[in-house]
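J.: Chains as they are written, first to last, in the numbering used here: chain A, 7 to 542; chain B, 7 to 542.
Positions of the beta carbon are idealized from the N, C-alpha and C atoms, including for glycine.
Bear in mind that the values here come from a model prediction, so they are computed numbers and not experimental data.
Okay, handing you the structure first.
There are 2 protein chains.
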Amino acid sequence: MASSETATAHTSPASSSAAPSSADRRAARRQRRMVSPLANIPFKQRLTNPYKPFEVLSAEQEEQLHEAAMQIVENIGIRFLDAEACDIWEKAGAKVDHDLQNVKIDRGLLLELVAKAPAQFNWIARNRERNRLIGGNDVAFCTHGGVIFAQDMDKGRRPGTLEDYYNFLKLNQSCPVLHFTGDQLVVPHDVPVSYRHLRRTYGAVTLCDKPYMEAPHGRIIAGDAVKMAKIIFQDDITKWDSPVLGGIINSSSPLRYDDRMIGGMIAYARAGQVLIITPFVLAGAMSPITIASAVAQQNAEALMGIAFVQAIRPGSPVIYGGFTSNIDMKSGAPAFGTPEGAWAMAIGAQLARRYKLPYRGSGSLNTSKVPDAQAAYETMWTTWPAIMAHTNFIMHSVGWLEGGLTVSFEKCIIDMESLAMFQHFLGGLEINEATLALDVMAQVEPAGTQYKTHFETPHTQARYSTEFYSPFLADRDNYELWKERGALDTAQRANKIYKQLHEEYEAPPLDVAIEPELREFVERREKELVGVELYT
Amino acid sequence: MASSETATAHTSPASSSAAPSSADRRAARRQRRMVSPLANIPFKQRLTNPYKPFEVLSAEQEEQLHEAAMQIVENIGIRFLDAEACDIWEKAGAKVDHDLQNVKIDRGLLLELVAKAPAQFNWIARNRERNRLIGGNDVAFCTHGGVIFAQDMDKGRRPGTLEDYYNFLKLNQSCPVLHFTGDQLVVPHDVPVSYRHLRRTYGAVTLCDKPYMEAPHGRIIAGDAVKMAKIIFQDDITKWDSPVLGGIINSSSPLRYDDRMIGGMIAYARAGQVLIITPFVLAGAMSPITIASAVAQQNAEALMGIAFVQAIRPGSPVIYGGFTSNIDMKSGAPAFGTPEGAWAMAIGAQLARRYKLPYRGSGSLNTSKVPDAQAAYETMWTTWPAIMAHTNFIMHSVGWLEGGLTVSFEKCIIDMESLAMFQHFLGGLEINEATLALDVMAQVEPAGTQYKTHFETPHTQARYSTEFYSPFLADRDNYELWKERGALDTAQRANKIYKQLHEEYEAPPLDVAIEPELREFVERREKELVGVELYT
Numbered sequence: 007m008a009s010s011e012t013a014t015a016h017t018s019p020a021s022s023s024a025a026p027s028s029a030d031r032r033a034a035r036r037q038r039r040m041v042s043p044l045a046n047i048p049f050k051q052r053l054t055n056p057y058k059p060f061e062v063l064s065a066e067q068e069e070q071l072h073e074a075a076m077q078i079v080e081n082i083g084i085r086f087l088d089a090e091a092c093d094i095w096e097k098a099g100a101k102v103d104h105d106l107q108n109v110k111i112d113r114g115l116l117l118e119l120v121a122k123a124p125a126q127f128n129w130i131a132r133n134r135e136r137n138r139l140i141g142g143n144d145v146a147f148c149t150h151g152g153v154i155f156a157q158d159m160d161k162g163r164r165p166g167t168l169e170d171y172y173n174f175l176k177l178n179q180s181c182p183v184l185h186f187t188g189d190q191l192v193v194p195h196d197v198p199v200s201y202r203h204l205r206r207t208y209g210a211v212t213l214c215d216k217p218y219m220e221a222p223h224g225r226i227i228a229g230d231a232v233k234m235a236k237i238i239f240q241d242d243i244t245k246w247d248s249p250v251l252g253g254i255i256n257s258s259s260p261l262r263y264d265d266r267m268i269g270g271m272i273a274y275a276r277a278g279q280v281l282i283i284t285p286f287v288l289a290g291a292m293s294p295i296t297i298a299s300a301v302a303q304q305n306a307e308a309l310m311g312i313a314f315v316q317a318i319r320p321g322s323p324v325i326y327g328g329f330t331s332n333i334d335m336k337s338g339a340p341a342f343g344t345p346e347g348a349w350a351m352a353i354g355a356q357l358a359r360r361y362k363l364p365y366r367g368s369g370s371l372n373t374s375k376v377p378d379a380q381a382a383y384e385t386m387w388t389t390w391p392a393i394m395a396h397t398n399f400i401m402h403s404v405g406w407l408e409g410g411l412t413v414s415f416e417k418c419i420i421d422m423e424s425l426a427m428f429q430h431f432l433g434g435l436e437i438n439e440a441t442l443a444l445d446v447m448a449q450v451e452p453a454g455t456q457y458k459t460h461f462e463t464p465h466t467q468a469r470y471s472t473e474f475y476s477p478f479l480a481d482r483d484n485y486e487l488w489k490e491r492g493a494l495d496t497a498q499r500a501n502k503i504y505k506q507l508h509e510e511y512e513a514p515p516l517d518v519a520i521e522p523e524l525r526e527f528v529e530r531r532e533k534e535l536v537g538v539e540l541y542t
Numbered sequence: 007m008a009s010s011e012t013a014t015a016h017t018s019p020a021s022s023s024a025a026p027s028s029a030d031r032r033a034a035r036r037q038r039r040m041v042s043p044l045a046n047i048p049f050k051q052r053l054t055n056p057y058k059p060f061e062v063l064s065a066e067q068e069e070q071l072h073e074a075a076m077q078i079v080e081n082i083g084i085r086f087l088d089a090e091a092c093d094i095w096e097k098a099g100a101k102v103d104h105d106l107q108n109v110k111i112d113r114g115l116l117l118e119l120v121a122k123a124p125a126q127f128n129w130i131a132r133n134r135e136r137n138r139l140i141g142g143n144d145v146a147f148c149t150h151g152g153v154i155f156a157q158d159m160d161k162g163r164r165p166g167t168l169e170d171y172y173n174f175l176k177l178n179q180s181c182p183v184l185h186f187t188g189d190q191l192v193v194p195h196d197v198p199v200s201y202r203h204l205r206r207t208y209g210a211v212t213l214c215d216k217p218y219m220e221a222p223h224g225r226i227i228a229g230d231a232v233k234m235a236k237i238i239f240q241d242d243i244t245k246w247d248s249p250v251l252g253g254i255i256n257s258s259s260p261l262r263y264d265d266r267m268i269g270g271m272i273a274y275a276r277a278g279q280v281l282i283i284t285p286f287v288l289a290g291a292m293s294p295i296t297i298a299s300a301v302a303q304q305n306a307e308a309l310m311g312i313a314f315v316q317a318i319r320p321g322s323p324v325i326y327g328g329f330t331s332n333i334d335m336k337s338g339a340p341a342f343g344t345p346e347g348a349w350a351m352a353i354g355a356q357l358a359r360r361y362k363l364p365y366r367g368s369g370s371l372n373t374s375k376v377p378d379a380q381a382a383y384e385t386m387w388t389t390w391p392a393i394m395a396h397t398n399f400i401m402h403s404v405g406w407l408e409g410g411l412t413v414s415f416e417k418c419i420i421d422m423e424s425l426a427m428f429q430h431f432l433g434g435l436e437i438n439e440a441t442l443a444l445d446v447m448a449q450v451e452p453a454g455t456q457y458k459t460h461f462e463t464p465h466t467q468a469r470y471s472t473e474f475y476s477p478f479l480a481d482r483d484n485y486e487l488w489k490e491r492g493a494l495d496t497a498q499r500a501n502k503i504y505k506q507l508h509e510e511y512e513a514p515p516l517d518v519a520i521e522p523e524l525r526e527f528v529e530r531r532e533k534e535l536v537g538v539e540l541y542t
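Printed below as a string of structure tokens:
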């Protein structure tokens, strides 16, 4: 992904700003007066969607897409560009052409393997209060990932650095409505490629206490990630019933998994960690142009990836991922936040339900260059269908700009507001005698004489500060007041909020035994990995 | 509504820029090279929602809200602040307290009256190709209405003028995805209050050919509107089976209709024209603070308004309107684009379906001061639930800012893009052998050798320019190209599009007999109405 490699000298993870002393933190806390309203959005251990899932497909159409995927795996096959993978497939009973590294499989066997995957599972966090159930009607929001450039209004757009990376981690930790710490939040261009993964995980678990991810890209990175997880959880987590680690696998569409992804799949699957199997299909480039075809292909690729994991370790946790959108036929660039992407998002969810699998979709996808109206409406064209369709794991739920090339600190804040609104929205509304309040209606003018308006009633007063979602970003003041306060647009207000959160950030507690052991591992591995080609 | 009355001299409607000569227009057309892509979005005579409606209420909750409304109308009653209305109610069999002007009614009688309203009807346009079916799974988009200030990036925010008004009409006509011409697009402060309605309708039918609205505010305005409709349609439209005219009625919540609204209701109902009965409930101010209570009250008020219309003229077309949102408890200002508003929108649709009535919701509601990210995400927090819940008539579907105090030309363009996207989205996707294209998959690498990528296949090439929604506003170019082109944000690009549309605007043909007759009516009435108090 990283195109401009501006790596600088080897620096110890401990020399970064990751872990200020706890005395410093306590002192800072005492001085503090304000606490950002964003940080006070309630954290919910479970967020469930009480509404019926939005579905695009009729039962017949769903059947057509299933049948098409079955024909693809039976008659065309999927390439697995890795000798070990071909052996695994052969042992599992698939028809393997070792020269082409092409795998065909009967639908019976495929579906039998897919059926071994759990319909839901618990993803364990180092702070156990942040464990997250994945599947069913649960919804979880994860950060951005796989991004090249960082952007804020003060410094503009630039290739990401480790400082940016850790700042995004801190921002994530400050936002209770984000449930997961993703990986590759932005490429840290000032860290050599060969050990970026170590710095990512080190930051993810020292600066945040949420369930976290690390990219399963090849056997080395994935192997290190599993070893670090063992240190973080101080146990052989590969023997646990529930995973503690996971990452995204993208097929190299059309109809292909490359060796890098396969290495990661094998390593995580053997360790029983989460694989989010996500075909990256852009209709018109990596599949036929029609969305029907793109999602049929997505379905074949996803099911083959999932079956592959189950062939390695039956019951290992997987998530059916959808990341199908379209190409912009004018520019040739990927398009996001489109009507076609909304269809694909909902169709993926419907298919995942058919196979009794958790579903991963996306949140803040858009192609705007700045956090403006287009960024916001395309984002909503992604997040609304994702939520409505019952997406369980929403990746990139904050921050995207520019088709995912850039992540903006201000856009993160803007998107967090919508996530907080969705959290409230999914909370559902209570209807009972107290909330219907017919007796109150009868007391207020014109029906009664006790109160002039509903502002004044004890019923309203008692619920004054808790009844409604209270925004931290939206400006609802009148025009004159808004102007008096500087006529700031949304991005400018978001910039202030981000800076306040940065000031107020506080690292979550970490068992004293863990950090030195983790640091030692990272420092040792960094020396070992100098100059090593990771993706084998 | 209009607070700053800056009326200037009486000017003839014909002196406005409403109707350039057709020779001028033809000449301009010849010179023209570009045609805005916005104007080329396909016009659809019907736009239907193929998906299941999104519902917030369980069956039991729906029953609770029905029951609550029944208790309100039976035990508390609704005020109808008009002597004639009280007489109408008494004749219909309701229990009327003439001193209080309070009406109570048994649920049996209420529901019997409501059942007389048509479940769907055809709203006739002067261009019959633009007639619109209202109800069922059909969706129609209408402009903004009831706005004080106009805003664009060139001239900033200012009290609206007749020129602004006519420019919004022209913009509406240029956009095929808007189906209705609303009224009160912006207050024309330079026109005396007593004949603004005449100028509104004159513009609406000379500058646009869509089905149109005129505010049924009092007997005089509504009466003039019916007379003008007779001229426009050159017939006694009050005897037609289908309406040609309509407008919004707001209750004066809580539990009250004022004389102005009642006058309009009586006039339009007697003429068989459309009444969109929309309680304007802000939870915490005009109803108890809980959304459960607010929608229960909305339900009682809406049903009483609808029953009143049916008592006047059984079968007269009505639309059940929902406009419930919440108060911002920090500023005391109305909040829009909120999770609570999204609930209320969907609940209104569900209740309207229960009573077999068409439903009116809203589209672009937000509280931002400029067309920025907040404006866009709050707008989507209104439009998405409106669409998903099967709203039939979407009012304010473009242009709002500042809680509806301001309408922005740029925001209109921004919102039109989302409407066009929804039009595509609701078109649904086809799944068949040709769109699944499994044969094509087998021809492209790695599965086949015929084509390197899907870009090149005849299947893609044949669908290249038609398969996807093609945006007129979203920028999908790469960062460098975007920068080279001026690094324009969405609002700046929208400004250019608006100006291009303004240049390219062409008035729709109008029967030569109509315009002079209409002008004569307007000129005569304007003289008659000087100094007249309209709202009686």
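Using a cut-off of 9 Å between C-beta atoms, extract the partners of histidine 465 of chain A located in chain B.
T.: In the first sequence, residue 465 of chain A corresponds to position 459, counting from 1. Here the neighbours are Pro294, Ile295, Thr296, Ser299.
J.: Contact defined as beta carbons within less than 8 Å: I believe alanine 448 of chain A pairs with isoleucine 420 of chain A. What is the distance between those atoms, to the nearest angstrom?
T.: As a working note, residue 448 of chain A is residue 442 in the first sequence. As a working note, residue 420 of chain A is residue 414 in the first sequence. Not really, about 43 Å apart at Cβ, beyond 8 Å.
J.: So is leucine 420 of chain A in contact with chain B if we call contact Cβ pairs under 9 Å?
T.: Along the first sequence, read from residue 1 onward, the residue named residue 420 of chain A stands at position 414. In the sequence as presented, leucine is not what sits at residue 420 of chain A; that position holds isoleucine. True, the Cβ-Cβ gap to chain B drops below 9 Å.
J.: Expressed to the nearest angstrom, what Euclidean distance is found between the alpha-carbon atoms of methionine 310 of chain B and alanine 289 of chain B?
T.: As a working note, residue 310 of chain B is residue 304 in the second sequence. As a working note, residue 289 of chain B is residue 283 in the second sequence. Each residue's alpha carbon lies about 19 Å from the other.
J.: Name the chain A residues whose beta carbon is nearer than 7 Å to that of leucine 184 of chain B?
T.: Within the second sequence, the letter at position 178 stands for residue 184 of chain B. Under the 7 Å cutoff, chain A gives no residues; its nearest Cβ is about 17 Å from leucine 184 of chain B.
J.: Per the DSSP calculation, glycine 141 of chain A is bridged to which residue(s)?
T.: The residue given as residue 141 of chain A occupies position 135 in the first sequence. Answer is A/Gln126.
J.: Within the region 60–124 of chain A, note down every full alpha helix (DSSP H) run reaching 4 residues or more, in order along the chain.
T.: Runs found: 65–77, 89–98, 113–120.
J.: Are the region 189–205 of chain B and the region 239–249 of chain B in contact at 8 Å, needing three or more beta carbon pairs?
T.: Short answer: they don't touch.
J.: Please determine if the region 320–332 of chain B and the region 456–467 of chain A are in contact, where contact requires at least 3 C-beta pairs separated by less than 8 Å.
T.: Result no; under three Cβ-Cβ pairs closer than 8 Å.
J.: Helix, strand or coil for serine 259 of chain B per DSSP?
T.: The sequence position of residue 259 of chain B within the second sequence is 253, counting from 1. The answer is coil: DSSP assigns serine 259 of chain B none of H, G, I, E or B.
J.: DSSP on glycine 1 of chain A, reduced to helix/strand/coil?
T.: With chain A covering only 7 through 542, there is no way to say anything about residue 1 of chain A.
J.: Using 9 Å as the threshold, is the C-beta distance between isoleucine 353 of chain A and threonine 466 of chain B below it?
T.: Taking the first sequence and counting its residues from 1, the one referred to as residue 353 of chain A is at position 347. Taking the second sequence and counting its residues from 1, the one referred to as residue 466 of chain B is at position 460. Going by C-beta atoms, isoleucine 353 of chain A is not nearer than 9 Å to threonine 466 of chain B.
J.: May I have the straight-line CA-CA distance separating isoleucine 282 of chain A from proline 249 of chain B, to the nearest angstrom?
T.: Position 276 of the first sequence, counting from 1, holds the residue named residue 282 of chain A. Position 243 of the second sequence, counting from 1, holds the residue named residue 249 of chain B. C-alpha separation (whole angstroms): 55 Å.
J.: In the DSSP assignment, find the beta strand (DSSP E) that holds valine 232 of chain B and state where it starts and stops.
T.: Along the second sequence, read from residue 1 onward, the residue named residue 232 of chain B stands at position 226. Valine 232 of chain B -> not in any beta strand (DSSP E); alpha helix (DSSP H) instead, spanning 224–239.
J.: Under DSSP, the beta strand (DSSP E) around asparagine 173 of chain A begins and ends at which residues?
T.: Here residue 173 of chain A refers to the residue found at position 167 of the first sequence. Counting along the chain, asparagine 173 of chain A falls outside any beta strand (DSSP E), though it belongs to the alpha helix (DSSP H) covering 168–180.
J.: Give a yes or no on whether the minimum CB-CB distance between glycine 434 of chain B and chain A is below 9 Å.
T.: Against the second sequence, residue 434 of chain B aligns to sequence position 428. At least one chain A Cβ lies under 9 Å of glycine 434 of chain B.
J.: Quick one: is proline 260 of chain A buried, meaning 16 or more other Cβ sit within 10 Å of its Cβ, or exposed?
T.: The residue labelled residue 260 of chain A in the question sits at position 254 within the first sequence. Per the 10 Å Cβ criterion, buried.
J.: What is the DSSP secondary structure of isoleucine 393 of chain A, counted as helix, strand or coil?
T.: Counted from its first residue, the first sequence places residue 393 of chain A at position 387. Reduced to three states, the DSSP call for isoleucine 393 of chain A is helix.
J.: Mapping the DSSP letters down to three states, classify valine 450 of chain B as helix, strand or coil.
T.: For the purposes of this step, residue 450 of chain B is taken as the residue at position 444 of the second sequence. It is a strand residue.
J.: Could you check whether the region 85–93 of chain A touches the region 117–126 of chain A, counting it as contact only if at least three pairs of C-beta atoms, one from each stretch, sit closer than 8 Å?
T.: The region 85–93 of chain A is not in contact with the region 117–126 of chain A.
J.: DSSP on phenylalanine 329 of chain B, reduced to helix/strand/coil?
T.: The residue you call residue 329 of chain B lines up with position 323 of the second sequence. If DSSP states are grouped into helix, strand and coil, phenylalanine 329 of chain B belongs with coil.
J.: Once the 5 residues before and after glycine 188 of chain A are set aside, which same chain residues still bring their CB inside 6 Å of it?
T.: Position 182 of the first sequence holds residue 188 of chain A. So the qualifying residues of the chain are Cys148, Thr149, Gly151, Met219.
J.: Since methionine 234 of chain A and leucine 524 of chain A should fall inside the 8 Å C-beta cutoff, what is the C-beta to C-beta distance between them, to a whole number of angstroms?
T.: On the first sequence, residue 234 of chain A is found 228 positions in, with the first residue counted as 1. On the first sequence, residue 524 of chain A is found 518 positions in, with the first residue counted as 1. Contact holds; Cβ gap of about 7 Å.
J.: Would you call glycine 278 of chain B buried or exposed, if buried means 16 or more other Cβ atoms sit within 10 Å of its Cβ?
T.: On the second sequence, position 272 is the one that residue 278 of chain B refers to. So glycine 278 of chain B counts as buried.
J.: Per DSSP, what kind of secondary structure is arginine 163 of chain A in: helix, strand or coil?
T.: Indexing the first sequence from 1 puts residue 163 of chain A at position 157. Of the three classes helix, strand and coil, the one that applies to arginine 163 of chain A here is strand, per DSSP.
J.: Measuring only the C-alpha atoms, how far is glycine 270 of chain B from alanine 65 of chain A?
T.: Here the question's residue 270 of chain B lines up with position 264 in the second sequence. Here the question's residue 65 of chain A lines up with position 59 in the first sequence. Going by the C-alpha atoms only, they are around 47 Å apart.
J.: Between which two residues does the alpha helix (DSSP H) containing threonine 284 of chain A stretch?
T.: Here residue 284 of chain A is taken as the residue at index 278 of the first sequence, counted from 1. Taken as a continuous stretch (DSSP letters only), threonine 284 of chain A belongs to no alpha helix (DSSP H), being part of the beta strand (DSSP E) at 280–285.
J.: For alanine 500 of chain A and alanine 45 of chain B, I'd like the C-alpha separation in whole angstroms.
T.: Taking the first sequence and counting its residues from 1, one reaches residue 500 of chain A at position 494. Taking the second sequence and counting its residues from 1, one reaches residue 45 of chain B at position 39. In a straight line, the C-alpha of alanine 500 of chain A is about 35 Å away from that of alanine 45 of chain B.
J.: Does DSSP put valine 199 of chain B in a helix, in a strand, or in coil?
T.: Your numbering for residue 199 of chain B matches position 193 in the second sequence. DSSP places valine 199 of chain B in helix when its eight states are reduced to three.
J.: Pick from B/Gln67, B/Ala98, B/Thr496, B/Ile226: whose alpha carbon is nearest that of leucine 204 of chain B?
T.: Position 198 of the second sequence, counted from the start, is the residue given in the question as residue 204 of chain B. Cα-wise, what sits closest to leucine 204 of chain B is B/Ile226.
J.: From the DSSP output, in three-state form, read off tryptophan 406 of chain A for me.
T.: One-based indexing of the first sequence puts residue 406 of chain A at position 400. If DSSP states are grouped into helix, strand and coil, tryptophan 406 of chain A belongs with the strands.
J.: Please tell me whether aspartate 378 of chain A and aspartate 495 of chain B are closer than 9 Å, where the distance is taken between their beta carbons.
T.: Here residue 378 of chain A refers to the residue found at position 372 of the first sequence. Here residue 495 of chain B refers to the residue found at position 489 of the second sequence. For aspartate 378 of chain A and aspartate 495 of chain B, yes; Cβs fall inside 9 Å.
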